[in-house]
Each structure stands twice: as structure tokens, then as C-alpha cells.
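FYI, in my numbering the residues of the sequence shown are 44 to 158.
For glycine and all other residues, C-beta sits at the position ideal for the given N, C-alpha and C.
In what follows, a single structure is set out as C-alpha cells and then discussed.
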Amino acid sequence: MIQTLATAQRLIDVFRSVDPEFSPGMIACFLTIARFDGISQHQIAERIGHRPASVSRFCAMLAEYGRGGKAGLRLITIHECPSDRRLREMRLTPKGQAVIENINHALAPQTLSAA
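And the structure:
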């Protein structure tokens with residue numbers, strides 16, 4: 044159990060290193076985009092169980108736009124869907140892919156001396 048808690052803490056630390064205010068909703072949104080390249084905001088809302096307006100805010104913070112005068116994190120890009128211009132597709136940026144690499148490293152089995 045201690046090893047599981049240490050792994051969970053390392054995962055939290057990865058997100059906090061990107062932004063100390065990285066919310067659980069933003070984490071769920073980011074991980075969903077990482078799993079499903081090109082996913083729409085509506086599909087994200089369905090998968091993570093948040094309202095579309097909340098997902099829109101999460102995506103704005105994860106992209107370059109930000110909210111409330113705060114710059115975005117630039118972890119994702121938001122593009123118009125070529126087949127349906129009403130939809131927006133979410134994809135990871137190189138910075139977002141680097142966060143995923145950090146997550147994979149944090150989740151890798153650790154030696155006892157490193158824990």
C-alpha cells in the first residue's frame with residue numbers, strides 16, 4: 044500500500060510541476076486527450092462526466108488561451124474538425140507529450156532506495 048501511495052504522490056507531483064493549480068478536472072481532461080488523439084470537447088465531457096462548459100474551461104487552460112487573465116499551459120492544441128466545422132479536435136502539443144513521458148517515468152516501478 045505504501046508503494047501505491049508513493050506512486051500516486053509522484054503522479055500528483057508531475058501535474059503540480061506543470062502548474063500548482065492543476066485541478067482534478069483538468070487532469071481528467073488532459074489524460075483523456077492523451078488517450079484519444081483528436082477527441083472533441085463533447086466526447087471528453089461524456090467520458091469524464093463533466094458539463095461541456097466545464098470541459099471548455101479545462102481545455103482553454105490546457106491550451107494557449109487560459110482564463111481569467113492567466114496564460115494557458117500550452118499542453119494541447121484546439122483545431123476545427125475538417126469534416127464538421129462545429130466541432131473542435133484536441134491534440135497534445137510536444138509540451139503535453141513531455142508531460143505524458145514524465146507521467147510514464149513517475150509510474151515506472153521504483154527501487155526501494157528511490158522511494
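- Three or more Cβ pairs drawn from the region 57-68 and the region 130-149 lie within less than 8 angstroms of each other, which places the two stretches in contact.
- Taking C-beta atoms as the reference points, G112 and L105 fail to come closer than 8 angstroms.
- Out of S97, S83 and V98, the CA that lies nearest to the CA of S126 is found in S83.
- If you check the CB distance, T136 and R110 do not come in under 8 angstroms.
- Distance between M133 and I146, taken at the CA atoms: about 19 angstroms.
- Runs of the beta strand (DSSP E) lying entirely within the region 96-128, each at least 3 residues long, are 119-123 in chain order.
- Counting of Cβ neighbours within 10 angstroms places A96 among the exposed residues, the total staying below 16.
- For L130, no beta strand (DSSP E) encloses it, and the DSSP letter there is neither H nor E.
- Distances from the CA of I87 to each of I55, Y108 and I121 were compared; the closest alpha carbon is that of I121.
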